[in-house]
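All you need for the numbering used here is the position in the sequence shown, starting with 1, plus 21.
So the structure is just underneath, and the comments pick up after that.
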Amino acid sequence: MFEKVSQQELLKLVIDRLDELQIAYFVTGSWSSSLLGEPRSTHDLDLVVQLHQTHVPFFVESFSQERFYLSAAAVADALQNRSMFNLLDLYSGDKVDFWLWTETAWDQAGLGQREQTEVLGPIISVATGEDTTLAKLR
22 MFEKVSQQEL LKLVIDRLDE LQIAYFVTGS WSSSLLGEPR STHDLDLVVQ LHQTHVPFFV
82 ESFSQERFYL SAAAVADALQ NRSMFNLLDL YSGDKVDFWL WTETAWDQAG LGQREQTEVL
142 GPIISVATGE DTTLAKLR
């Protein structure tokens, strides 16, 4: 049986999996805003990921079906449409929104400008303050 984890621990777990699979990412949304000094409270985590078709089977497999709900079909659909998909932690009820990195100038700049910051030990990639603010205006 799995223990309920905090959002911080869930974020660390997800980032560990992304790092293991060498999938580029950056944290955005309320977590990015809060880490950069402007607290916002939501019940999900938002990440932009540079996911490729070759990653999908390993990515889906890395999140156990006993603990997480992750639809392989939703991941495939998001890849085809360059959109987003969700991961649900069945024990905490927390949701992770994965937004797919695209070839747009916006995403290219975001991935290149991401900042590194320490959260609960590991160094993670976070959207810049400017990108976090501008994303809300898109």
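Backbone N, C-alpha and C fix where the C-beta goes; we use that ideal spot for every residue, glycine too.
Given the structure is predicted, the values throughout are model-derived calculations rather than measurements.
DSSP beta-bridge partners of residue i
i           : result
residue 107 : 118
residue 89  : 110
Beta-carbon proximity of residue i to residue j, cut-off 8 Å
i           : j           : result
residue 49  : residue 34  : no
residue 119 : residue 105 : yes
residue 42  : residue 80  : yes
Three-state secondary structure assigned by DSSP to residue i
i           : result
residue 68  : strand
residue 39  : helix
residue 164 : The requested residue 164 does not occur in the structure, where the chain is confined to residues 22 to 159.
residue 30  : helix
residue 154 : Here the model assigns residue 154 a pLDDT of 47, short of 50, so the residue's position is not dependable, and the following value carries that caveat. The answer is helix: DSSP assigns residue 154 an H, G or I state.
Other residues of its chain near residue i: CB distance less than 8 Å, five sequence neighbours each side excluded
i          : result
residue 77 : 93, 96, 97, 100
residue 66 : 28, 31, 32, 35, 48, 50, 52, 115, 116, 117, 118
residue 88 : 23, 110, 111, 112
Sequence-distant residues of its chain with Cβ nearer than 6 Å to residue i (five each side left out)
i           : result
residue 45  : 71
residue 109 : 90, 116
residue 25  : 112, 113
residue 103 : 121, 123
Cβ of residue i within 8 Å of any chain C Cβ
i          : result
residue 98 : No chain C is part of this structure, which consists of one protein chain only.
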